[in-house]
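*Asks:*
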Amino acid sequence: MRIFEHQGKDLYKKYGIPVPAGRLIDQKREIRKIFPDIDQGNGVVLKAQVLTGGRGKVQGIRFAKTVAECESQYDELIGMNISGHPVRKILVEEKVKIQRELYLGIIIDTEIGQPVMMICSRGGADVEEISKSHPECLEKIAIDVAYGLLDYPLRGTLIRLGLSKELFPSFMDISRKLYRFFIENDALFAEINPLILNDKGSLIAADARIDIDGAALYRHPEIQEMKASQEMGIEDSLRDKYQLEYVELDGNIGLISGGAGLTMTAIDFMVMEGGRPACFMDCSANVSPTGYEMALRTLNSRKEVDCILMNIFGGITRMDRVGEYILEALKRIGGVKKPLVIRLEGTDAVKGRAFIRDAGLPMCETFAEAVQQAVALGGKNG
Amino acid sequence: MSILINRSSKVVVQGITGKAGAFFTRDMIRYGTKIVAGVTPGKGGQICEGAPVFDSVLEAVEEAAAEVSIIFIPAALARDSIFEAIDAGIKLVIYLGENMPVHDMMVIKRRLKEKSCRMIGPNTPGIISPGEAKIGFMPYFCYQKGPVGVVSRSGSLSYEVSYGLTRAGIGQSTSVGIGGDPVKGMDFVETLDLFEKDPETQAIVLIGEIGGTDEEQAAGFIKKHVRKPVISFIAGKYAPRNKKMGHAGAIISGGKGTFDSKIDALRDAGVLLAELPHQMPALVKNALTCRRSRE
Numbered sequence: 120m121r122i123f124e125h126q127g128k129d130l131y132k133k134y135g136i137p138v139p140a141g142r143l144i145d146q147k148r149e150i151r152k153i154f155p156d157i158d159q160g161n162g163v164v165l166k167a168q169v170l171t172g173g174r175g176k177v178q179g180i181r182f183a184k185t186v187a188e189c190e191s192q193y194d195e196l197i198g199m200n201i202s203g204h205p206v207r208k209i210l211v212e213e214k215v216k217i218q219r220e221l222y223l224g225i226i227i228d229t230e231i232g233q234p235v236m237m238i239c240s241r242g243g244a245d246v247e248e249i250s251k252s253h254p255e256c257l258e259k260i261a262i263d264v265a266y267g268l269l270d271y272p273l274r275g276t277l278i279r280l281g282l283s284k285e286l287f288p289s290f291m292d293i294s295r296k297l298y299r300f301f302i303e304n305d306a307l308f309a310e311i312n313p314l315i316l317n318d319k320g321s322l323i324a325a326d327a328r329i330d331i332d333g334a335a336l337y338r339h340p341e342i343q344e345m346k347a348s349q350e351m352g353i354e355d356s357l358r359d360k361y362q363l364e365y366v367e368l369d370g371n372i373g374l375i376s377g378g379a380g381l382t383m384t385a386i387d388f389m390v391m392e393g394g395r396p397a398c399f400m401d402c403s404a405n406v407s408p409t410g411y412e413m414a415l416r417t418l419n420s421r422k423e424v425d426c427i428l429m430n431i432f433g434g435i436t437r438m439d440r441v442g443e444y445i446l447e448a449l450k451r452i453g454g455v456k457k458p459l460v461i462r463l464e465g466t467d468a469v470k471g472r473a474f475i476r477d478a479g480l481p482m483c484e485t486f487a488e489a490v491q492q493a494v495a496l497g498g499k500n501g
Numbered sequence: 003m004s005i006l007i008n009r010s011s012k013v014v015v016q017g018i019t020g021k022a023g024a025f026f027t028r029d030m031i032r033y034g035t036k037i038v039a040g041v042t043p044g045k046g047g048q049i050c051e052g053a054p055v056f057d058s059v060l061e062a063v064e065e066a067a068a069e070v071s072i073i074f075i076p077a078a079l080a081r082d083s084i085f086e087a088i089d090a091g092i093k094l095v096i097y098l099g100e101n102m103p104v105h106d107m108m109v110i111k112r113r114l115k116e117k118s119c120r121m122i123g124p125n126t127p128g129i130i131s132p133g134e135a136k137i138g139f140m141p142y143f144c145y146q147k148g149p150v151g152v153v154s155r156s157g158s159l160s161y162e163v164s165y166g167l168t169r170a171g172i173g174q175s176t177s178v179g180i181g182g183d184p185v186k187g188m189d190f191v192e193t194l195d196l197f198e199k200d201p202e203t204q205a206i207v208l209i210g211e212i213g214g215t216d217e218e219q220a221a222g223f224i225k226k227h228v229r230k231p232v233i234s235f236i237a238g239k240y241a242p243r244n245k246k247m248g249h250a251g252a253i254i255s256g257g258k259g260t261f262d263s264k265i266d267a268l269r270d271a272g273v274l275l276a277e278l279p280h281q282m283p284a285l286v287k288n289a290l291t292c293r294r295s296r297e
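Note that the protein sequences, when read in sequence, are chains A and B.
Okay, so the first sequence: first residue is 120 according to this note's numbering, each after it adds one.
Okay, so the second sequence: first residue is 3 according to this note's numbering, each after it adds one.
1) Hey, which unbroken runs of the alpha helix (DSSP H) at 4 residues or more fall wholly within the segment 430–454 of chain A?
2) By DSSP, does Met237/A sit in helix, in strand, or in coil?
3) For Met391/A, return the contacting residues in chain B, with the cut-off set at a CB-CB distance below 9 Å.
4) For the alpha helix (DSSP H) that Cys483/A lies in, which residues bound it at each end?
5) Taking only three categories from DSSP, how would you classify Gly135/A?
6) Using a Cβ cut-off of 8 Å, pull out every chain A residue sitting near Glu51/B, in sequence order please.
7) Is the distance from the Cβ of Ala461/A to the Cβ of Met482/A below 7 Å?
8) So Ile180/A packs on Val164/A, CB below 8 Å; how close in whole Å?
9) Output, in chain order, the set of chain B residues within a Cβ distance shorter than 9 Å of Ala487/A.
10) Using three-state DSSP, classify Gly380/A as helix, strand or coil.
11) At the 7 Å Cβ level, is Ala265/A part of the contact set with chain B, yes or no?
12) Counting only C-beta atoms, is Leu280/A closer than 7 Å to chain B at any point?
13) I want to see whether chain A comes within less than 7 Å of Tyr33/B, judged by CB atoms only; does it?
14) One question on the structure: do Phe162/B and Phe432/A come within less than 7 Å of each other, judged by their Cβ atoms?
15) Exposed or buried, which one is Ala289/B when buried takes at least 16 other CB atoms within 10 Å?
16) State yes or no: is the C-beta of Gly166/B within less than 7 Å of the C-beta of Met30/B?
17) Tell me where the beta strand (DSSP E) around Glu51/B begins and ends.
18) Quick one: using the 10 Å Cβ neighbour count with 16 as the cut-off for buried, is Ser420/A buried or exposed?
19) In the DSSP assignment, find the unbroken alpha helix (DSSP H) run with Asn419/A in it and report its ends.
20) Let me confirm a value: Met3/B is counted as buried when at least 16 other C-beta atoms fall within 10 Å, else exposed. Which label applies?
21) With C-beta atoms as the reference, is Ser407/A less than 7 Å away from Gly377/A?
22) Taking C-beta pairs closer than 9 Å, name the residues in chain A that Ala77/B reaches, listed in chain order.
23) Mark Ser125/A as exposed unless 16 or more other C-beta atoms lie within 10 angstroms of its C-beta, in which case mark it buried.
24) If we ignore side chains and look at the alpha-carbon of each, how far apart do Ser131/B and Val207/B end up?
25) Give, in chain order, every residue of the segment 176–195 of chain B whose Cβ lies closer than 8 Å to some Cβ of chain A.
26) With a CB to CB cut of under 7 Å and the five nearest residues on each side skipped, what residues in its chain are close to Thr62/B?
27) Shorter than 7 Å from the beta carbon of Val304/B to some beta carbon of chain A?
28) Can a CB atom of chain A be found closer than 7 Å to the CB of Glu162/B?
29) Near Gly434/A, what residues of its chain come up, given a Cβ to Cβ distance below 8 Å and the 5 sequence neighbours on each side ignored?
30) Can you tell me which of the three DSSP states Lys111/B falls into?
31) If Cys239/A and Val211/A are in contact, beta carbons under 8 Å, what's the gap, nearest whole angstrom?
32) If we ignore side chains and look at the alpha-carbon of each, how far apart do Met247/B and Lys45/B end up?
33) Measure the Cβ-Cβ separation of Thr215/B and Lys258/B and say whether it is below 7 Å.
34) In this structure, how does DSSP classify Leu496/A when only helix, strand and coil are distinguished?
35) Determine contact between the segment 209–224 of chain B and the segment 267–275 of chain B, defined as no fewer than three beta-carbon pairs at a distance below 8 Å.
36) Going by beta carbon distance, what residues of the same chain come within less than 7 Å of Ala448/A, once the five residues before and after it are set aside?
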């Protein structure tokens, strides 16, 4: 679960990581009240709060020296759309005088199944490119969760990166705090980019990008609450309420499938046959009348969807049940307007298929047949 | 022969008295799996599905000689149960459940290493050695005994591919679902190593998908250490890209994890590639024939 920058900074602050003075606003009139506190003589920065990266490259970050400037920047930012994310709230912060920008991040290295800390001596928006073009600026520290972050590899890293010795204590302090945050909050990644060295020689976390493991939210009620402040799109609400993994695509063939691997394969297959999939929809975590009902409702209501392919290969679930669930789901919706192509395979599939056929719906025998039929229907109408 | 499990593997079911535990215990016994014990703390002394129930895994190891454990415990409590199995001297732990916190799995991974224990999972249908034993919930009719080792990240795809092989008359030595989670127990490399050393396995089917670097690591291992033919299908050629990862994700992956990166690495390692699952049986049959004629 991604959290907003301002939420991330509040969490970092709790762990003693220094962040700029700032205030979250969603009303223009607040600017007049907060400006004098935030402005340290150097002006302020306005940062659009969106759950996506790259906002700096599309003017999602603005600067202002006066209240009037700040208000006009606010007007331009609020409601702006950044990669499909509308800007509802803005973080107004003191503008930090930058001497140097660094990068500090922790992520799970799936190759070894342990965390890795990454430090780049040239942080900022272009850190990915710099890590490629100047690999000598990037250092990685493998961490063993049994022993935590040790000092000596960290110190060695800072020496190799050529950072000045005076910075070592504060850099190491922030690194340890970030690691503690990462572990205690079940983070999948936690980044500070940039980690700014200001004109007074102190390090400040100018951004906070954090992803928390959704499977561990049950033990972090305060982070779970942050979710309430986030707008939920259709994809999020289907996942949160109905355990359906749904990703909208721009084609015209709806897909209802089970298992991520098989769902991806169905998409590959459709495209290879010349079809255009309208979505990725994995229902394996909620095999029930309600699960199929919500999946069918979602696709049935999308105008651009011309037909719906249901491809289910059941291992755990008996397919006679799946057949019943699908019929029950269709009954609850009152039938779908779009043509359906169904293929059921797995335990007791013979019975499941019979249920579907008896209800007057067509059945396909193989994966290939089902995909080809769906593509033909999609092509005819699309 | 098969890898990891066979008909004489002595299995303990942790959480045997729960609904899922009891249901899948019956299913596994029906297939021929040797369930020697169950564990539910506080219910020691009972009999469940014909197996004696103990209060702890250690008792199951000491009194019923259990070697392999399958755990039916909710994800939030799984870490403790897996530690219990490892610490009791179990050699292979199988956890099928989804939604295991990744941080729990990182800690478990360290313990597995310390105790030289193997784990399959999480988020997998489990493992089956057709005609011998199955520890997991895969549908038995997809499989038959034979010379092909199957290893897969995706459960649903492993059913689809194994069923295709079975219908084409090609059986399997063992099918291992390593699971779809980013941090897991056994990986492709460890499983490939066992298949390469297993005299009964004559060809290996590797089913991968985009994301992570498992397939690239597998390719590196195959190039150096695997002489048997490997046939692979990678799902996700046209899948929507995961836009979630921050800079950290992009930096650490260093361009790996994409469909092209995986296909290039596997091709470079001499792996035979199928574009779609239904092409697998013909490729496997061909590889088996070539291998026999070479020997």
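Ideal Cβ positions, reconstructed from N, Cα and C, are used throughout, including at glycine.
*Replies:* Taking the geometry as given:
1) Those alpha helix (DSSP H) runs which fall completely within the segment 430–454 of chain A and span 4+ residues are 438–452.
2) Strand, per DSSP.
3) Result: Lys239, Tyr240, Glu277 and Leu278.
4) That residue, Cys483/A, is in no alpha helix (DSSP H); it is neither H nor E in DSSP.
5) Gly135/A: coil per DSSP, three-state reduction.
6) Close partners of Glu51/B in chain A (Cβ separation under 8 Å) are lacking, with about 18 Å as the shortest Cβ gap.
7) At residue 461/A the sequence reads Ile, which differs from the Ala that was named. Judged by their CB atoms, Ile461/A and Met482/A are nearer to each other than the 7 Å cut-off.
8) Indeed, because the Cβ distance is near 6 Å, the residues count as touching under 8 Å.
9) From the beta-carbon of Ala487/A, the residues of chain B found nearer than 9 Å are Leu278 and His280.
10) If DSSP states are grouped into helix, strand and coil, Gly380/A belongs with the helices.
11) The beta carbon of Ala265/A sits closer than 7 Å to some beta carbon of chain B.
12) Not one chain B Cβ lies under 7 Å of Leu280/A.
13) No - not a single Cβ of chain A is within 7 Å of the one on Tyr33/B.
14) It is Glu, not Phe, that sits at residue 162/B in the sequence shown. Yes, the Cβ-Cβ distance between Glu162/B and Phe432/A is below 7 Å.
15) By the 10 Å Cβ count, Ala289/B comes out buried.
16) In this structure, Met30/B does not lie closer than 7 Å to Gly166/B by Cβ.
17) In the DSSP assignment, Glu51/B falls outside any beta strand (DSSP E) and carries neither an H nor an E.
18) Residue environment analysis places Ser420/A among the exposed positions, since fewer than 16 neighbouring C-beta atoms fall within 10 angstroms of its C-beta.
19) First-last of the alpha helix (DSSP H) with Asn419/A: Pro408 to Asn419.
20) Exposed, because fewer than 16 other Cβ atoms sit within 10 Å of the Cβ of Met3/B.
21) Pairing Ser407/A with Gly377/A gives a Cβ-Cβ distance that is not under 7 Å.
22) Ala334, listed in chain order.
23) The sequence shown places His at residue 125/A, rather than the Ser named in the question. His125/A should be labelled buried.
24) Their Cα atoms are separated by approximately 14 Å.
25) Listed by position along the chain: Gly182, Pro184, Val185 and Lys186.
26) It is worth fixing the name first, because residue 62/B is Ala in this sequence and not Thr. Closer than 7 Å at the Cβ level, and outside the excluded window around Ala62/B, lie Val14, Ala39, Val41, Phe56 and Ala68.
27) Outside the shown range of chain B (3 to 297) lies residue 304/B, about which nothing can therefore be said.
28) Interface residue, yes.
29) Counting only Cβ-Cβ distances below 8 Å, and skipping sequence neighbours, we find Gly465 and Thr466.
30) Lys111/B carries a helical assignment under DSSP once its states are collapsed to helix, strand and coil.
31) Not really, about 27 Å apart at Cβ, beyond 8 Å.
32) Unreliable placement is indicated for Met247/B, whose pLDDT of 48 sits below 50; the coordinate value is still reported in the next sentence. When rounded, the separation of the alpha-carbon atoms in Met247/B and Lys45/B is 45 Å.
33) Yes.
34) Leu496/A: helix per DSSP, three-state reduction.
35) With contact defined as three or more Cβ pairs closer than 8 Å, the segment 209–224 of chain B and the segment 267–275 of chain B are in contact.
36) Within the same chain, Ala448/A has close Cβ partners Pro408, Tyr411, Glu412 and Leu415.
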